[in-house]
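Undergrad: Protein sequences appear in the order of chains A and B. Residue 522 in the numbering used here is what sits at position 319 of the first sequence, and the numbering runs on without skipping anything. Residue 1357 in the numbering used here is what sits at position 643 of the second sequence, and the numbering runs on without skipping anything. Note that CB positions come from ideal geometry on N, CA and C, so glycine has one too. None of these values were measured; they are calculated from a predicted model.
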Amino acid sequence: MSVELDVFVGNTTIMDKEVYQLWLNGYTVNDAVKVRIEGGVMEECEASAEVLLSDTMDQYRTFQMCERLLHHPAKLANQLLFQIPPDRQAMLIERYYAFDDSFVREVLGKKLSKGTKKDLDDVSTKTGITLKSCRRQFDNFKRVFKVVEELKGPLVENIRQHFLLPDQLARDYAAIVFFANNRFETGKKKLHYLTFQDFAFCAGQLINNWTLGAVDNIMEDMDVDLDKEFLQELKDLKILITDKDLLDQHKSLVCTALRGKTNVFNEMEANFKNLSRGLVNIAAKLINAKDVRDFFIDLVEKFIEPCRSDKWTSIDVNLYLTHYTNSVHILDTFKHHAVWTRYMGVIKSCILRMYHD
Amino acid sequence: MPGKLKAKIVAGRHLPVMDRASDLTDAFVEVKFGNTTFKTDVYPKSLNPQWNSEWFKFEVDDEDLQDEPLQITVLDHDTYSANDAIGKVYIDIDPLLCSEAATVISGWLPIYDTIHGIRGEINVLVKVDLFNDLNRFRQSSCGVKFFCTTSIPRCYRAIMVHGFVEELVVNEDPEYQWIDRIRTPRASNEARQRLIFLMSGELQRKIGLKVLEMGGNAVVGYLQCFDLEGESGLVVRAIGTACTLEKISSTLPATATHPSNSSPSKDMKEPGFGEEAPGVPLSSGPPTPLRAQTFSSFSPSKSYSRQSSSSDTELSLTPKTVGIFLFPSTPALESESSPLPSAHLPHHLWPGMASRSTTPPPLRLSQSDTAILRKSVSFSEELLLAASGMGSGGSAGKEGGPLKALLRQQTQSALEQREYPFFTLAAFPPGFLLHVGGVVSARSVKLLDRIHNPALGNTRSYKLLDWNSFTADEPETRDAWWEEIRQEIKSHAKALGCHAVVGYSESTSICEEVCILSASGTAAILSSRFMQDGPLDTEHRLSRQPLCVFSTGSERVEGDMGSSASLGFEEVVSPGCGFCHIPYDELNIPFPAQLTYCYCCRRYKVPDVLFTTIDLPTEANVTGKGCLIQARLCRTKKKAQGEGNATVISNLLPFLEYELHTQLMNKLKLRGMNALFGLRIQISVGETMLLGLASATGVYLTALPSPGGIQIAGKTPSDITYEQHISNMQKKINDTIAKNKELYEINPPEVVEEIIGSPIPEPRQRSRLFRSQSESSDEVSELDLSHGKKDAFVLEIDDTDAVEDIHALLTDSPTPAGFYSCNTEIMPGIQNWTSAIQMFTSVRVFRLNANLTNQGLNKIFSDLCENLLKSLYFKLRSMVPCCLCHLNFTVAIPEDELIQVAVTAVAMSFDKEQLLENGKQSGEKTLIKAITENDEQLQFNLELNAETSAPNPLSSPKGLSEVGSHLSARASSVDYSSFADRCSSWIEQLKLKAHTIRRGSVKTTSSMEKASPLPEGRSRSLRSNRSYSGSSVAVVKMTPLSFIPGAKIIKYLGIINMFFIRETTSLREEGGVSGFLHTFIAEVFAMVRAHVAALGGNAVVSYSMKECVFMENPNKNQAQCLINVSGDAVMFVRESELESTSVQTQSATTHTSNGAEGT
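(1) Can you pull the DSSP bridge partners for B/P870?
(2) Let me confirm a value: B/T739 is counted as buried when at least 16 other C-beta atoms fall within 10 Å, else exposed. Which label applies?
(3) Can you list the residues of chain B that A/A250 reaches, using a CB-CB cut of under 9 angstroms?
(4) Flag A/T231 as yes if its beta-carbon sits less than 8 angstroms from any beta-carbon of chain B, otherwise no.
(5) Below 9 angstroms on C-beta distance, what does A/M268 contact in chain B?
(6) When the Cα atoms are used, what is the spatial distance from A/P369 to A/Y546?
(7) Unbroken alpha helix (DSSP H) runs of length 4 or more, entirely within the segment 355-394 of chain A: which are they?
(8) Quick one: does B/A1804 have its CB under 8 angstroms from some CB of chain A?
(9) Along the alpha helix (DSSP H) that carries A/I518, what are the first and last residues, could you check?
(10) Chain A beta carbons: is any one of them nearer than 8 angstroms to that of B/S1556?
(11) So that I know if they touch, is there some Cβ in chain B lying closer than 8 angstroms to that of A/L284?
(12) What would DSSP say about A/K313, mapped onto helix, strand or coil?
(13) Express the C-alpha separation of B/S1556 and B/V724 in angstroms, rounding to a whole number.
(14) With A/V467 and A/Y527 assumed to form a contact (beta carbons below 8 angstroms), what rounded beta-carbon distance in angstroms separates them?
(15) Below 8 angstroms on C-beta distance, what does A/V254 contact in chain B?
(16) Cβ atoms of B/R895 and B/I1775: under 8 angstroms apart, would you say?
(17) Flag this pair as yes or no: are the beta carbons of B/T1191 and B/G935 separated by less than 8 angstroms?
(18) DSSP has B/S1549 in a bridge; who is on the other side?
(19) For B/R734, does the three-state DSSP call read helix, strand or coil?
(20) Between A/S530 and the ligand ATP, is the CB less than 7 angstroms from at least one heavy atom?
(21) Can you name the start and end residues of the beta strand (DSSP E) that B/I1763 belongs to?
(22) Please confirm whether B/I723 has its beta-carbon closer than 8 angstroms to some beta-carbon of chain A.
(23) Apply the 10 Å Cβ neighbour rule to B/M1825 and answer buried if 16 or more other Cβ atoms are within range, or exposed otherwise.
(24) Could you tell me if B/S1788 is buried or exposed, where buried requires 16 or more neighbouring beta carbons within 10 angstroms of its beta carbon?
(25) Can you list, in chain order, the residues of the segment 216-240 of chain A whose Cβ is nearer than 9 angstroms to any Cβ on chain B?
(26) How long is the line joining the alpha carbons of B/Q891 and B/A1550, rounded to whole angstroms?
(27) So which residues on chain B does A/L208 lean against when the C-beta distance must stay under 7 angstroms?
(28) Which bits of chain A does B/P824 rub up against, with CB to CB less than 7 angstroms?
(29) Inspect the beta-carbon positions of B/S1398 and B/A1606 and report whether they are closer than 8 angstroms.
(30) List, in chain order, every chain A residue whose beta-carbon is nearer than 9 angstroms to that of B/E916.
(31) Determine whether the beta carbon atoms of B/I1230 and B/H1149 lie at a separation below 8 angstroms.
(32) Using a cut-off of 9 angstroms between C-beta atoms, extract the partners of B/A1800 located in chain A.
(33) Strictly below 7 angstroms CB to CB, what residues from chain B border A/R264?
(34) Assuming B/L784 contacts B/A1804 under a Cβ cut-off of 8 angstroms, what Cβ separation, rounded to an integer in Å, is found between them?
(35) Verify the CB distance criterion: does B/H728 have a CB-CB separation below 8 angstroms to chain A?
(36) Can a CB atom of chain B be found closer than 8 angstroms to the CB of A/G213?
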């Protein structure tokens, strides 16, 4: 004796948020039922395990049928198969495209290729996220990437429009796409302390300031690639370290400004040239795609680590970077103010964001 | 050429990829109507083609317009090979043929393929230019409106109810045609879909013709069914109630006399109807052949069901059935016996009926041709012969020729007479339904003809090998079958002293070549007053009378009826109890029943229990709330073939019905209730078993006596442990009854009995079946005072059956907190619905193990239903407090060892406040409510008066009579009974009227704030509405009910009647059987919604899934499913939106209302 067939179809599609989450998390039906039983739905509603199983199966089926539509969220709104209230639709999409920070840290900056997908079982064991969920998240990244890759106009806006995502989530996806496109290295041990949100913030800075879309509003080009011209111009900043006079002038200006204002003045004074060289070298090398990938490593190695070993506080860093940036404008022989500002603005906020344990 | 159909193909979207190479599609569209086909250009390489075609014009007969669907096929162009079909859309253009329905079909419709399901959508525009055809002999019936709704549709009022219409058409099932062996299943299913579309179109047209003949303009309660008889063909049949409807429109002066139904969610009925003149449902037909063969009148008799205590006397009923069930198994004989209008059994067998009968039977007898009479007598002798000696049909075969002619003749005459006083309506305008007798039902087992059986073929009157003759004869045979059943029903109704059958429905269950035909309804007496003095304008009346079906006899009959009605029932005291009063003669009760004086008015007799198939009348006085009651039964049966099989089934049927009845009665009593509404008994036949499922909504009618408890009596009192066991069980039962009474708030006013004394007749029939109930009556009386006085219901557990019964009783788990359930339109005691509704369909198939006993089967079947209900409650828990309304269970046995249960219902939330308050306040609440409604009503009424400017002859005198004497003025009381929705007593009504008059001129602002529970619901609805507006797909609500809570239906756009087949050859890949069916049901919903939206509607009311046939072959990885759904497409507006517009008119009205009050 067995139930051979068991379906429930509502005119308005009934979807339980809790079960949806379990489904998204890649639980099997039986595991989901266990979780639900532990959650106490049964007592609440005088239901039996059988009822719960039937309901879970049904919901899972509904989600599977919806999944196809969720791949193109815009379709969800004008499909006819399921009658889902708009607020529900938004919930479905948002949760479907939500991801685990621990997962995204593993694939951030990696090429969204089949090879990476094959390694997902490792990621799954490492993070404790089910393989199913990992695959969904990975596929989401890839899908978003593929769609916006070729689109013109602002990246975040494109993502928001095509995938009907809430603002924050769209920004996160923009970061992921941006990272994947530029293949930023994020997996090195030195970078492990950084969270996805740190990177997402940095990506936001880069997108907003260093891409072509950032300067002209022509919308011709896309936000995914860095502004080549700008990268070229960054080479000009080298003068700050190659010209001995400039370097000394710069150092003295900064030191004057900071004297007495910080506890790590001596360390700063001693390290100034090193730090400045580090930052300017990063700028000068960005024209090479390979060095773009190492951007975050370089920031950590060339600036954050030295500062940290000297026990700078983030206030110190902030103070230093502010004066370091501003002092350049007082240098008479320096001509590349615009590039410098554009460069240092991003560097400063990135470093400040990344400067933590 | 009286019609021009125009179609334009605008665009497509979400098309599937047909060309793997380019991931795109080169789509074009074929538009076909009849034999004419147009094509659009190919729109290359796109999944969202924009054809924007010219208008394709079809010039066709209106007959074709009715029969044929517009067929749109989307194809993928292929240069080198045949074009691939992407899918099809069938558009029923019937709604466009009626001026009051939709004017254009425009919107995105899903492209459907039987293998792939929905494959994208197509945007089309369809219009019809119709030239009126006034030809008397025309074959079309354009303009006749069809409604699935089983009450007078919301924005109409009935001028005339003409009566029963039926029709059936037969065709060969494409799946069984020779060509099916060489074509693909897909092609065969396509052909089937198309054929059924055609057939239902034809059927609708033919019914429409009958309606026009009768002088009507609409069919209400239209019920269309398919019988997939397999090799013997495909039958599409329909029944309905012909009416003359008039649209209620506030702008039309003509409707001024009618207070419009401004609040559909509260008021189920059409108050305006009460003033009009519907037909007098006179049964002027000839005395019907009184063969008891399928007699199963579910009379409100206690003792009938008391047979459980091993009575022998009452069982005489069943043997009768057994004996005569035999002959239907020989088809030839069957056709002979069926439509004999002249009696072949003397009618005086039923003295009660004779005294009641309105048509003098002797007269009829003399009319009938003597030859026929003689012949018929001889037939019946033969029948008896055949019945006794099974299969001796040889002699009958010889007479095939003349018999056939006779049959024709009789069928024809029956058609002309058209004398079934049946109404498919389940809800009536107040005052229309006078008395209810009880449920009448008839079943008969038939053997479907098989083409390849020469042995049987010999005894036939025709050869089936020739298809043409087959199709020619087939409808007549089927007609005759139904005719016979209907006659049966009619005679049952007569036996109950009733002249009409309401809430009538027909169904079939087919297994292989055996077919069970069932019909059931509620015997009732309808008001003749509507005919006599209803309409005030004589002009109307004159034109109407000749049209009235029921007056076909003579004026004399009419008068007769009128007087009898006025004698007995006209001055019925309260509409809240009037319908409960017995229609039959007390001295000649057709069945043993216990009568008492009505607990409301104390003047007329009422039965102790009342079973009906109709909805609970809104004016009925009900104590507490109702609940769904189900009796479930499963009986094994031996595998057999042909006639043997039919015999076995016929033998089982009466027992099945009897047991279902007992179960219903037990469960009703266990809930402390005394009446069943919406009773629907479904019997399904399989190879090795029979399934019976009876569903109804139990209520406590205040007018009926309080039901007695259930007593258990043991057979072997010697054993002490046994005694203990019994007393334990007794206690459990008593506890359950007490608990249920509390749960359903059943606390009938006991005082009444004390004050008035006992008008209950002393010589009460104590059934001999009773064992003493003294042993345990003490503890019972503690629980319920009325217990001691009432006759308790005795269950004797001397056999396993009874033990099983008791277990079954106690295993029914109560509905979880916050849930109510019923299978009727509305739940008594719940009124303030919010706009949150959720329609759903749930299907379960259960596989049984072989070798199960009856008991085991019963348990499994019962658990299956219970678990399904539990699942529903769990699913819908977010809607609490809510009520599952119109719970419609359908059972089937798709295969050996498989049971399929399908449920369609709607969950409706209601406001909690009312729930918290209990019984006592409900009167007050209704009063307030009633007043608000009255205000609205009154103002609407008067507002219209103002517009017409001519003083209304009806409404002002009505006002007068209200103030003066409410007792005598029946007309006004009828009216107000509907407003005072569930006013629990006469006195309250009195108060109410006083209120109304006083407040008549006050203003509505106060009334609006008093209707406190509503604004919240309304605002909620508004919110949800607004939030929906952002979506690009219009929201379409679906409900099996005839109304949408918190909204007013402003337009009926036409009937939705759709038929789909879906098949798969990759069952596993599509998620197994559940995945497959889940998708299909969702697709069906989607297509219904899309078609409604294209008609300009935003809801489907009276939605039902009539057929869901699922077949699988897991070994081949295949499955197939067939679904038929129907409903009424409507356009509704939220009441909250209406309010804003009505404010102005209301203020204008106040002035006039003062004046009107003065008169």
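TA: Answer, in terms of the structure:
(1) Checking the sequence, you will find Tyr at residue 870 of chain B rather than Pro. According to DSSP, which records beta bridges pairwise, B/Y870 is partnered with B/K961.
(2) buried
(3) Listed along chain B, the residues sitting closer than 9 angstroms to A/A250 by beta-carbon distance are P1530, K1584, S1585, Y1587, F1588, R1591.
(4) no
(5) In chain order: G1785, G1789, H1792, T1793, A1796.
(6) 30 angstroms
(7) 358-366, 370-385
(8) yes
(9) 517-531
(10) yes
(11) yes
(12) coil
(13) 36 angstroms
(14) That belief does not hold up - the Cβ atoms of A/V467 and A/Y527 are roughly 14 angstroms apart, past 8 angstroms.
(15) N1581, K1584, S1585, F1588
(16) no
(17) It is not a contact, given that the beta carbons lie outside the stated cut-off.
(18) For B/S1549, which the question treats as bridged, DSSP gives no partner whatsoever.
(19) Residue state, collapsed to three classes: coil.
(20) Ligands in the displayed structure: none, and consequently the ligand ATP is not present.
(21) 1761-1778
(22) no
(23) exposed
(24) buried
(25) T216, I217, D219
(26) In a straight line, the C-alpha of B/Q891 is about 47 angstroms away from that of B/A1550.
(27) Neighbours of A/L208 on chain B, chain order: V1557, R1558, V1559, V1787, S1788, L1791.
(28) When 7 angstroms is used as the limit between beta carbons, B/P824 is near these residues of chain A: L283, in chain order.
(29) yes
(30) Here the premise fails: no neighbours, minimum Cβ distance about 29 angstroms.
(31) Against a cut-off of 8 angstroms, the Cβ pair of B/H1149 and B/I1230 comes out as no contact.
(32) Q282, L283, L284, F285, Q286
(33) G1785, S1788, G1789, H1792
(34) Taking 8 angstroms as the upper bound for CB-CB distance, B/L784 and B/A1804 are not in contact here, some 15 angstroms apart.
(35) yes
(36) yes
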